[in-house]
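A.B. asks: Pasting a structure below so you can have a look.
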Amino acid sequence: MTALRPERESAPYGGEAAYGGTESFEAEAFQPGAPFGDTADPRPWTVQQAPQYGQDDWFGQPQPYTEPAVEPYEQYETYEPLLQPASDGLYETYDPVGSVRAPGGIPTETALQHPPIDEETVALRVEEARRIAAAAEPIPAPPAPGGRAARRKAARRHGRHGGSPGAHAGPGAAQGPEEGLGEGGLSAAPRSRIEARRAARARKPSAGVIASRVIGEVFITTGVVMLLFVTYQLWWSNIRAHQQAGREATSLQEEWKSGKRAPGAFEPGQGFAILHIPKLDVVVPIAEGISKSKVLDRGMVGHYDENSIKTAMPEDKAGNFGIAGHRNTHGEPFRYINRLKPGDPIVVETQDTYYVYDMASILPVTPPSNVSVLQPVPPGSGFTQPGRYITLTTCTPEFTSKYRMIVWGKMVEERPRSEGKPDALVQ
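If you want it as structure tokens, here you go:
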């Protein structure tokens, strides 16, 4: 591309040389009829004196010319050197002739008037421009188009969408979470009292949302309560029952040594013996009755001695000594009685005597209503004639009370305490 330049290259322009290595000139004031340069003006008339020429027709007579005469030139135009954008966003002088340039993109002839621009200066200027642009105040948004109805509609959308900035509202809608506030906390579109109330009502949760929150809180509370209950049943109830059963066994042995506890009838909930199952490492007091609150839940084993279900005592010469205990929770003394094998010893310690039974048989599952397992000669136990038997009952499966598990044993030794512990407890 070639830039336009004056015809005379040596004419001065304002007393200085023009860009591009050429010189411009100031146009002389033109006077009609005056000579210009070496040639006389071919138009020796003024604008007022211009004749009305006719426009010839190719095949007809000349017609009068109706267009106004052309005004004379006032001056010849001069042209500035073109500017071309550089890669760094600044503008440098464009030299159409292609002369040698000085550093910074300026022709050598004018390098003194325009010193070169180094990279540091360019960076400083760019940074200053960015700083000025950042400090400039933002142009406020134009008001929302439309009238009062449009503003109300925008306010309702603003309330339904939780104040989402610019989600559905117009340019003048509020842009912040606060009612009627725009960017920077400045009021963008003031609302009337009615509009503010409508927006507040729109922000209130609906009945469905409130109901779901209530239901969710109920479920969470129920879950926490159930978790605490399970923790109590599986952990804390065992700790507390072991403590209570241990205190009862210690108290019972101390009373035996001191002679304060006399053999005979016992009150419900009163301990009178200690059960030993060496294979399962079980040592637990035996109390009168099978009350959950007074006996079983306190970690002890209960003796069936109710009017409907009454069983024998260990010292009886014939009969079935029936006892019950928890398999899970509250000390769970009978949790692993399913591991007993025939011949495993079961020892009942009283104030005067040790009664040793050998495990004989087991009934894994039976309904709770099957009380025949506590008869003097229980069916299904393998016993065929009266004798001195023991029956252990507990719930099954674990953590349920749907069925009962039964373990039977037969007495093989009666040893007075004065003769020392039996071999089953010494091993």
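The numbering of the sequence shown is our numbering, which starts it at 1325 and goes up by one. Note that the Cβ used here is the ideal one computed from N, Cα and C, for glycine as well. This structure is a prediction, so every number in the text was calculated from the model and none was measured.
(1) Is HIS1650 helix, strand or coil by DSSP?
(2) Within 10 angstroms of its Cβ, does ILE1647 collect 16 or more other Cβ (buried), or is it exposed?
(3) Comparing C-alpha positions only, which one of ALA1748, THR1574, SER1516 sits nearest to ALA1479?
(4) Tell me whether the beta-carbon of GLN1568 lies closer than 8 Å to the beta-carbon of GLY1623.
(5) Measure the beta-carbon distance from ILE1598 to LEU1698 and round it to whole angstroms, keeping in mind my assumption that it falls under 8 Å.
(6) Near VAL1608, which residues of its chain fall below 8 Å by C-beta distance, leaving aside the five closest residues on each side in sequence?
(7) How is PHE1543 classed by DSSP in three states: helix, strand or coil?
(8) Going by alpha carbons, who is nearest to ILE1730 out of THR1690, LYS1616, GLN1709?
(9) Taking just the CA atoms, how far does ALA1460 sit from THR1445?
(10) Take LYS1745 and list the residues in its own chain whose beta-carbon comes closer than 7 Å to its own, dropping the five residues that flank it on each side.
(11) Report, in whole angstroms, the separation of the C-beta atoms of THR1720 and TRP1732, which I expect to be a contact under 8 Å.
(12) Considering Cα atoms alone, identify which of ILE1456, GLU1519, GLU1443 is closest to ALA1474.
(13) Please state the DSSP three-state secondary structure of GLN1550.
(14) I'd like to know whether the C-beta atoms of PHE1645 and GLU1612 end up nearer to each other than 8 Å.
(15) Could you check which residue in ALA1526, MET1637, ARG1522, ARG1741 has the C-alpha nearest to that of PRO1700?
(16) Quick one: what's got a C-beta closer than 6 Å to LEU1620's C-beta in the same chain, skipping five residues either side?
(17) What residues in its chain sit with their C-beta under 7 Å from that of VAL1753, if we drop five residues either side in the sequence?
(18) Starting from ARG1622, trace the beta strand (DSSP E) in both directions and tell me its first and last residue.
(19) Name the two residues that bound the continuous alpha helix (DSSP H) containing GLY1595.
(20) What does DSSP give as the partner residue(s) for THR1718 in the beta ladder?
(21) Does DSSP classify ARG1659 as helix, strand or coil?
(22) Work out the CA separation of ARG1527 and ARG1481 for me, nearest whole Å.
(23) Could you compute how far the alpha carbon of PRO1602 sits from the alpha carbon of ILE1670?
(24) Among PRO1702, ASP1442, THR1653, THR1717, which has the Cα closest to the Cα of TRP1559?
(25) Quick check on LEU1664: buried or exposed, where buried means 16 or more other Cβ atoms within 10 Å of its Cβ?
(26) How is GLU1690 classed by DSSP in three states: helix, strand or coil?
(27) Under 8 Å by Cβ, that's how I've got ASP1640 and ARG1741 pegged, so tell me the actual separation to the nearest angstrom.
(28) In angstroms with no decimal places, state the Cα-to-Cα distance between GLY1532 and ALA1458.
(29) Measuring only the C-alpha atoms, how far is ARG1712 from PRO1703?
(30) Would the beta-carbon of PRO1592 fall within 8 Å of that of SER1615?
(31) Run through DSSP, which three-state label would ASN1644 get?
(32) Using a Cβ-Cβ cutoff of less than 6 Å, which residues in the same chain neighbour THR1674 once the five nearest sequence positions on both sides are dropped?
(33) How many Å lie between PRO1752 and PHE1723 at the Cα?
(34) Does the distance between the C-beta of ARG1476 and the nearest non-hydrogen atom of the ligand ZN fall short of 7 Å?
(35) Going by other Cβ atoms of all chains shown within 10 Å of its Cβ, with 16 needed for buried, is ASP1668 buried or exposed?
C.D. replies: Reading it off the structure:
(1) coil
(2) buried
(3) SER1516
(4) yes
(5) The Cβ separation is near 21 Å, so there is no contact.
(6) ALA1569, ALA1573, ILE1598, LEU1599, GLY1623, MET1624, VAL1625, GLY1649, GLY1655, PRO1657
(7) helix
(8) THR1690
(9) 23 Å
(10) TYR1678
(11) Incorrect: roughly 15 Å between the Cβ atoms, too far for contact.
(12) GLU1519
(13) It is worth fixing the name first, because residue 1550 is Met in this sequence and not Gln. Helix.
(14) no
(15) MET1637
(16) GLY1626, HIS1650
(17) Because the chain in this structure spans residues 1325 to 1751, residue 1753 falls outside the shown range and cannot be described.
(18) Run containing ARG1622: none; DSSP gives neither H nor E here.
(19) Premise fails: GLY1595 lies in the beta strand (DSSP E), 1595–1601, not in any alpha helix (DSSP H).
(20) MET1729
(21) coil
(22) 11 Å
(23) 7 Å
(24) THR1653
(25) buried
(26) Just to set this straight, residue 1690 is Thr in the shown sequence, not Glu. Three-state result, THR1690: strand.
(27) No, ASP1640 and ARG1741 are not in contact; Cβ-Cβ is about 18 Å, not under 8 Å.
(28) 47 Å
(29) 15 Å
(30) yes
(31) strand
(32) ALA1597
(33) Look at the range of the chain in this structure, 1325 to 1751, and you will see that residue 1752 is not part of it.
(34) No copy of the ligand ZN appears in this structure; indeed no ligand is present at all.
(35) buried
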